[in-house]
Structure formats: C-alpha cells, structure tokens
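This report concerns only the one structure given below.
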Amino acid sequence: KALQNGTATIKATAKDGSGVSASCKITYKLGKGKNNDQNPEYYYNQKVNLKAASKKGYAFKGWYTDSKYTKKITTIAKNSKKNITVYAKWEKV
C-alpha cells in the first residue's frame with residue numbers, strides 16, 4: 027500500500043551482478059499523420075534517429091519534445107533512459 031502519491035526510481039541488479047535491462051517508451055503525437063515504420067516504439071541503450079512522418083497535404087517540419095514546437099529533436103541519445111513524447115509539426119502545402 028502506498029503511503030503517499032508520488033514517483034519513485036527503482037534500480038535492480040541481478041543476483042549474478044549482470045544488471046537488468048529495461049526499455050523506454052517513445053510516444054508519437056502525430057496530429058492525424060502517419061508515423062514512419064522505422065521509428066521504434068521502445069528503445070534501450072541505443073541512439074535513435076527519428077525518421078520523418080507523413081500527412082497528406084502537409085510538409086513534415088520535424089519532431090519536437092513540446093506541444094508548442096519550441097524544442098526540436100532529431101535524435102534520442104544512447105544514454106537517455108526515460109520515456110519520451112515527441113510531437114510532429116506540420117505545415118500545409
């Protein structure tokens with residue numbers, strides 16, 4: 027039973043000392059567009075180069091880590107160890 031609301035980070039190590047692998051989720055906010063099949067849903071300990079999405083009648087203007095499109099991202103670093111949400115920016119053609 028939780029004593030209070032909040033979050034916790036838990037680190038586990040295997041009994042043989044080999045460590046534990048986990049994966050982090052990438053959530054794509056596509057604004058009715060279609061994601062590139064090469065963009066992974068999960069990653070762990072790997073660099074991820076984000077591929078362009080597509081949307082009929084629009085030009086893809088990049089991935090952003092915020093819904094106001096101020097923080098552009100093209101790559102998720104290999105040492106990143108957290109879930110991430112990216113937003114597709116579109117421009118009507």
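Residue numbers for the sequence shown follow the numbering used here, beginning at 27 and rising by one. Beta carbons are placed, not taken as given, at the ideal position from N, Cα and C, and that holds for glycine. Computed from a prediction, not measured in an experiment: that's the story for all the values here.
Report the rounded CA-to-CA distance for residue i versus residue j, giving the unit in angstroms.
i	j	result
LYS77	ASN62	6 Å
THR100	ASN75	6 Å
THR53	SER93	13 Å
LYS118	TYR69	31 Å
ILE102	LYS87	17 Å
ALA85	LYS73	25 Å
Could you give the DSSP three-state label for residue i: helix, strand or coil?
i	result
THR100	coil
SER93	coil
ASN75	strand
VAL112	strand
LYS81	coil
GLU117	strand
TYR70	coil
LYS107	coil
LYS59	Residue identity differs from the one stated: residue 59 is Gly in this sequence, not Lys. Note: GLY59 maps to coil in three-state DSSP.
Would you mind giving the Cβ-Cβ distance between residue i and residue j, rounded to the nearest angstrom? I have them listed as a contact below 8 Å.
i	j	result
TYR90	LYS81	Actually they are not in contact, since the Cβ atoms of TYR90 and LYS81 sit about 15 Å apart, beyond 8 Å.
CYS50	ASN105	That pair is no contact at about 11 Å.
* Meets three-Cβ-pair contact criterion under 8 Å: the region 55-72 and the region 94-114 -> Touching, per the Cβ criterion.
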